[in-house]
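Numbering (my numbering), first residue to last: 101 to 361.
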Ligand code: MN
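Pasting the structure below:
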């Protein structure tokens with residue numbers, strides 16, 4: 101089994117090393133990761149400049165491949181060339197910080213796993229829901245190996261990846277594992293408007309911590325309860341429940357050039 105791992109925190113992040121070391125017992129592990137932090141880069145790919153891949157020593161002395169591309173680029177590079185043969189599993193992480201609810205399309209971590217699915221390979225993303233300390237990473241690494249073994253024997257449906265979040269708490273405080281749906285997070289007050297020393301306005305995105313809608317069965321609720329959340333994510337973003345509503349609007353009646361347009 102060949103496993104490609106990547107992340108969006110960069111090749112020198114500790115979460116990547118924990119993942120690599122845990123997955124090594126399942127097969128050959130190839131690391132292709134961004135050469136710098138690329139968090140919140142979403143599912144972007146690089147089309148207008150050359151991509152480089154450099155063999156580097158990671159912090160534990162092992163070799164990995166660092167690229168100037170995005171996390172999704174790293175998956176393409178790994179699968180199509182660097183791995184040197186078929187890749188059976190793509191794992192992205194272990195990300196520092198949660199990827200829950202509406203974070204998913206911003207997330208470079210989750211998007212890298214999406215890219216794996218686009219390439220027809222079983223994939224999952226794994227994150228620790230904490231921005232500081234080491235709690236959760238060892239658990240997440242072992243859980244990733246457990247999940248990897250399950251995916252050796254079982255196949256996810258087509259176009260589906262798994263998004264895993266592990267609470268950033270000591271292992272004995274983790275209160276279970278739940279298969280969840282994607283919840284909702286609200287980012288209120290997420291823009292700060294400031295003035296620079298030259299008198300020009302600039303903005304910072306980020307701002308306050310998101311407010312989660314803590315509905316039962318969702319990823320945000322599981323993490324709020326210190327449970328591991330495992331969400332199957334489908335790449336088909338169609339709002340099926342809205343199809344009939346939008347059809348009701350008779351959108352097809354539009355005629356270019358008439359006075360009512
Ligand atoms: Mn990240």
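Glycine included, every Cβ here is placed at the ideal spot set by N, Cα and C.
Can you determine whether any heavy atom of the ligand MN sits closer than 7 Å to the C-beta of residue i, and answer yes or no?
i, result
"residue 48", "In the structure as shown, the chain starts at 101 and stops at 361, and residue 48 therefore has no counterpart that could be examined."
"residue 263", "no"
"residue 136", "no"
"residue 319", "no"
"residue 170", "no"
"residue 108", "yes"
"residue 196", "yes"
"residue 209", "yes"
"residue 359", "no"
"residue 192", "no"
"residue 139", "yes"
Taking residue i as the reference, which of the options has the closest Cα?
i, options, result
"residue 192", "245, 130, 107 and 159", "107"
"residue 282", "262, 272, 273 and 253", "262"
"residue 74", "350, 244, 287 and 274", "This structure leaves residue 74 out entirely; the chain is present only between 101 and 361."
"residue 253", "188, 236 and 357", "188"
"residue 224", "271, 214, 240 and 339", "214"
"residue 248", "183, 182, 264 and 151", "264"
"residue 323", "163, 276, 255 and 142", "276"
"residue 259", "338, 347 and 250", "338"
"residue 239", "274, 217 and 222", "274"
"residue 127", "165, 208, 104 and 319", "104"
"residue 234", "315, 167, 345 and 268", "268"
"residue 141", "186, 212 and 251", "212"
"residue 251", "241, 221, 153 and 278", "221"
Drop a sphere of 10 angstroms on the beta-carbon of residue i, count the other beta-carbons inside from all chains shown, and report buried for 16 or more, exposed for fewer.
i, result
"residue 295", "exposed"
"residue 205", "exposed"
"residue 203", "buried"
"residue 155", "exposed"
"residue 350", "exposed"
"residue 271", "exposed"
"residue 343", "exposed"
"residue 297", "exposed"
"residue 210", "buried"
"residue 147", "exposed"
Residue range of the beta strand (DSSP E) that residue i falls in?
i, result
"residue 265", "260 to 267"
"residue 367", "Since the first residue of the chain shown is 101 and the last is 361, residue 367 is not available in this structure."
"residue 192", "189 to 196"
"residue 208", "Careful: residue 208 lies outside any beta strand (DSSP E), inside the alpha helix (DSSP H) at 208 to 218."
"residue 134", "128 to 134"
"residue 292", "291 to 295"
"residue 228", "222 to 229"
"residue 175", "Segment 171 to 177 is the alpha helix (DSSP H) holding residue 175; no beta strand (DSSP E) there."
Could you check where the alpha helix (DSSP H) with residue i kicks off and where it finishes?
i, result
"residue 249", "237 to 253"
"residue 312", "Segment 311 to 313 is the beta strand (DSSP E) holding residue 312; no alpha helix (DSSP H) there."
"residue 322", "319 to 324"
"residue 116", "114 to 123"
Three or more C-beta pairs below 8 Å linking the segment 195 to 209 and the segment 120 to 130: no
Contact between the segment 325 to 336 and the segment 302 to 311 (3+ Cβ pairs under 8 Å): no
contact_flag[the segment 108 to 118, the segment 151 to 171] where n(CB pairs < 8 Å) is 3 or more: yes
Validate contact between the segment 162 to 173 and the segment 132 to 148 using beta carbons, cut 8 Å, 3 pairs: yes
Stretch-stretch touch, CB-based, cutoff 8 Å, three pairs: the segment 229 to 239 with the segment 288 to 306: no
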